[in-house]
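Colleague:
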Amino acid sequence: MGPPELSRSGTALSSGTCWARRATTPGGRTSGSRSRGHAVEETEDARDLYAAAAEHWVEQERTRHYVLVPADEALVDAWFRVGFGGQHAHGIREVPAHTKIAVPDRFEIRQPQESEIDALIEVGLALPRHQQMAPVFSERPPPSEEEERQEWLAILAGDEEEQVLIGYLGGRPVACWSVTSVERSGMHTGLARPGRAAFLGFAATLPESRGSGIGVALTDACFAWAAEHGYPAMITDWRETNLLASRYWPARGFRRTFLRLYRSIL
Ligand SMILES: CC(C)(COP(=O)(O)OP(=O)(O)OC[C@H]1O[C@@H](n2cnc3c(N)ncnc32)[C@H](O)[C@@H]1OP(=O)(O)O)[C@@H](O)C(=O)NCCC(=O)NCCS
Numbered sequence: 005m006g007p008p009e010l011s012r013s014g015t016a017l018s019s020g021t022c023w024a025r026r027a028t029t030p031g032g033r034t035s036g037s038r039s040r041g042h043a044v045e046e047t048e049d050a051r052d053l054y055a056a057a058a059e060h061w062v063e064q065e066r067t068r069h070y071v072l073v074p075a076d077e078a079l080v081d082a083w084f085r086v087g088f089g090g091q092h093a094h095g096i097r098e099v100p101a102h103t104k105i106a107v108p109d110r111f112e113i114r115q116p117q118e119s120e121i122d123a124l125i126e127v128g129l130a131l132p133r134h135q136q137m138a139p140v141f142s143e144r145p146p147p148s149e150e151e152e153r154q155e156w157l158a159i160l161a162g163d164e165e166e167q168v169l170i171g172y173l174g175g176r177p178v179a180c181w182s183v184t185s186v187e188r189s190g191m192h193t194g195l196a197r198p199g200r201a202a203f204l205g206f207a208a209t210l211p212e213s214r215g216s217g218i219g220v221a222l223t224d225a226c227f228a229w230a231a232e233h234g235y236p237a238m239i240t241d242w243r244e245t246n247l248l249a250s251r252y253w254p255a256r257g258f259r260r261t262f263l264r265l266y267r268s269i270l
């Protein structure tokens, strides 16, 4: 989960499907396609189109390529056969009308308070710190503690459109989940945006509390919030290279819709 690693500035290269972007990270410029679907009848055509686009990209030293592909086996196979591999997934599932929340013993779930901000910063940093490690190796550095503090202050200042829930163990924050409307997501756009859906935008548990059941309870609390607010579906996304997340979300019923595939030439 979390925002993509690339800058939002892009240059349209063709009529609708392909975009080139400058990467903000070192190691070569990046080009790719956004969630506009694939207007090909034969999956092989995607490979020909890529070859045509990639020729220009590599001439311009844009050597890191990504593509957002509907999670269709034949299409993914076509991209696999021009050197792409799975990097990121979008997932969707229905919101149950009623969800029972089973909070594990000694835990509680509630909204955060400003007096807890130092502990909240640690929980907020748990996700980017995890993404730095194998086998994700994210190039995006975690925010500084000060940046994280500012983000928490903004959250604590109150945003009725976003529900931030904290899991506490013995009164100490150990997990954080956030849910809002898909309209607040910059990643789930175009064809990848369902009509009306809740967006589970953040989830992290401190390493020592993982596997305790607090994550499942917080996920269920998000389903209950979404049902209460009339959302029929929930979406989220995860790094496929994040072993914990890429196992956890499918186990919670999320089905893959779009996949971000990635190829580095050099
Ligand atoms: C993914 C993540 C958020 C899950 O949170 P968590 O608090 O560990 O979740 P839980 O403890 O509720 O559940 C984890 C697993 O333990 C199982 N579990 C729950 N209670 C358990 C118990 N008492 N005994 C044994 N296993 C238990 C759950 O069923 C789940 O397994 P499953 O997915 O195979 O069903 C957590 O691993 C994490 O913070 N990872 C790093 C950051 C990250 O990847 N965030 C998600 C970004 S998309």
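Take any residue in the sequence shown, count from 1 to its spot, add 4: that is its number in the numbering used here.
For each residue, glycine too, the CB sits at the ideal point set by N, CA and C.
If you reduce the DSSP assignment to three classes, tell me which class I113 lands in.
Modeller: Taking the first residue of the sequence shown as 1, we reach residue 113 at position 109. It is a strand residue.
Colleague: Among G217, A130 and A161, whose alpha-carbon lies nearest the alpha-carbon of F206?
Modeller: Working through the sequence shown from its first residue, we reach residue 206 at position 202. Residue A130 is the option with its Cα nearest to F206.
Colleague: Give me the residue from L72, I125, H92 and Q115 with the minimum Cα distance to S142.
Modeller: Residue mapping note: residue 142 aligns to position 138 of the sequence shown, counting from 1. Comparing Cα-Cα distances from S142 to each of L72, I125, H92 and Q115, the minimum goes to H92.
Colleague: Considering only C-alpha positions, which residue in the set H42, D241, V186 and F111 is nearest to A78?
Modeller: As a working mapping, residue 78 is identified with position 74 in the sequence shown. Taking only the C-alpha atoms, the option nearest A78 is H42.
Colleague: Counting along the chain, where does the beta strand (DSSP E) carrying Y70 start and finish?
Modeller: Start at 1 with the first residue of the sequence shown, and residue 70 comes out as number 66. Counting along the chain, the beta strand (DSSP E) containing Y70 begins and ends at R66 to P74.
Colleague: Could you pull out every unbroken beta strand (DSSP E) segment of at least 3 residues lying fully inside the region 177-243, listed in chain order?
Modeller: Listed in chain order, they are 202-209 and 237-243.
Colleague: Go through its chain and collect everything with a Cβ distance to P177's Cβ below 6 Å, but skip five positions before and after it.
Modeller: Walking along the sequence shown from the start, residue 177 turns up at place 173. Excluding sequence neighbours, P177 sits near E120, A123, L124, V127 and I170.
Colleague: DSSP has V168 in a bridge; who is on the other side?
Modeller: Looking up residue 168 in the sequence shown gives position 164. DSSP lists S182 as partners of V168.
Colleague: One question on the structure: do W253 and G95 come within less than 7 Å of each other, judged by their Cβ atoms?
Modeller: Taking the first residue of the sequence shown as position 1, residue 253 is located at position 249. Taking the first residue of the sequence shown as position 1, residue 95 is located at position 91. Contact flag set, yes.
Colleague: Going by the C-beta, is G257 closer than 6 Å to any heavy atom of ligand 1?
Modeller: Sequence index remark: in the sequence shown, residue 257 carries index 253 (1-based). G257 Cβ: outside cutoff for every heavy atom of ligand 1.
Colleague: Please return the same chain residues whose Cβ sits closer than 7 Å to the Cβ of V107, not counting the five positions on each side in sequence.
Modeller: Position 103 of the sequence shown, counting from 1, holds the residue named residue 107. Counting only Cβ-Cβ distances below 7 Å, and skipping sequence neighbours, we find I113 and A221.
Colleague: With a CB to CB cut of under 7 Å and the five nearest residues on each side skipped, what residues in its chain are close to L173?
Modeller: On the sequence shown, position 169 is the one that residue 173 refers to. Cβ neighbours of L173 beyond the five flanking positions: R110, F111 and S213.
Colleague: At a cut of 8 Å, does the region 78-87 reach the region 45-54 through at least three beta carbon pairs?
Modeller: A contact exists between the region 78-87 and the region 45-54.
Colleague: I'd like to confirm the pairing. Which residues does DSSP put opposite G95 in its beta bridges?
Modeller: As a working note, residue 95 is residue 91 in the sequence shown. Looking at the DSSP assignment, G95 forms a beta bridge with T240 and R260.
Colleague: Quick one: what's got a C-beta closer than 6 Å to P146's C-beta in the same chain, skipping five residues either side?
Modeller: Working through the sequence shown from its first residue, we reach residue 146 at position 142. Counting only Cβ-Cβ distances below 6 Å, and skipping sequence neighbours, we find L129, P132 and R133.
Colleague: Rounded to whole angstroms, what is the Cα-Cα separation between R200 and G87?
Modeller: As a working note, residue 200 is residue 196 in the sequence shown. As a working note, residue 87 is residue 83 in the sequence shown. R200 and G87: Cα-Cα distance of roughly 35 Å.
Colleague: For V99 versus M238, is the C-beta spacing smaller than 7 Å?
Modeller: Here residue 99 is taken as the residue at index 95 of the sequence shown, counted from 1. Here residue 238 is taken as the residue at index 234 of the sequence shown, counted from 1. It is a contact, given that the beta carbons lie within the stated cut-off.
Colleague: Report the three-state DSSP secondary structure of A27 (helix, strand or coil).
Modeller: Position 23 of the sequence shown, counted from the start, is the residue given in the question as residue 27. Annotation note: pLDDT 30 at A27 (below 50); position unreliable, no value reported.
Colleague: Name the DSSP bridge partner or partners of S119?
Modeller: As a working mapping, residue 119 is identified with position 115 in the sequence shown. DSSP output for S119 lists no bridge partner at all.
Colleague: Which value, in whole angstroms, describes the spacing of the CA atoms of A255 and E63?
Modeller: Taking the sequence shown and counting its residues from 1, one reaches residue 255 at position 251. Taking the sequence shown and counting its residues from 1, one reaches residue 63 at position 59. Going by the C-alpha atoms only, they are around 43 Å apart.
Colleague: Could you pull out every residue in the same chain whose Cβ sits closer than 8 Å to the Cβ of K104, ignoring the five residues on either side in sequence?
Modeller: The count along the sequence shown starts at 1 and reaches residue 104 at position 100. Around K104: D224.
Colleague: Expressed to the nearest angstrom, what Euclidean distance is found between the alpha-carbon atoms of G257 and L195?
Modeller: On the sequence shown, residue 257 is found 253 positions in, with the first residue counted as 1. On the sequence shown, residue 195 is found 191 positions in, with the first residue counted as 1. Roughly 21 Å between the two C-alpha positions.
Colleague: Using DSSP with H/G/I as helix, E/B as strand and the rest coil, what is G90?
Modeller: Counted from its first residue, the sequence shown places residue 90 at position 86. Three-state DSSP puts G90 in a strand.
Colleague: Starting from the Cα of R272, find the closest Cα among T261, Q154, H102 and Q135 and give me that residue.
Modeller: It is not possible to answer for residue 272, since the shown part of the chain is limited to 5 through 270.
Colleague: In terms of residue numbering, what span does the alpha helix (DSSP H) encompassing I159 cover?
Modeller: Taking the sequence shown and counting its residues from 1, one reaches residue 159 at position 155. Element bounds for I159: E149 to L160.
Colleague: Count the other C-beta atoms from every protein chain shown that fall within 10 angstroms of the C-beta of L148, then say buried if there are 16 or more, exposed otherwise.
Modeller: Residue mapping note: residue 148 aligns to position 144 of the sequence shown, counting from 1. Residue 148 is actually Ser in this sequence, not Leu. With fewer than 16 other Cβ atoms within 10 Å, it is exposed.
Colleague: Does the beta carbon of H134 fall short of 6 Å from some heavy atom of ligand 3?
Modeller: In terms of ligand content, the structure shown lacks ligand 3 and carries ligand 1 instead.
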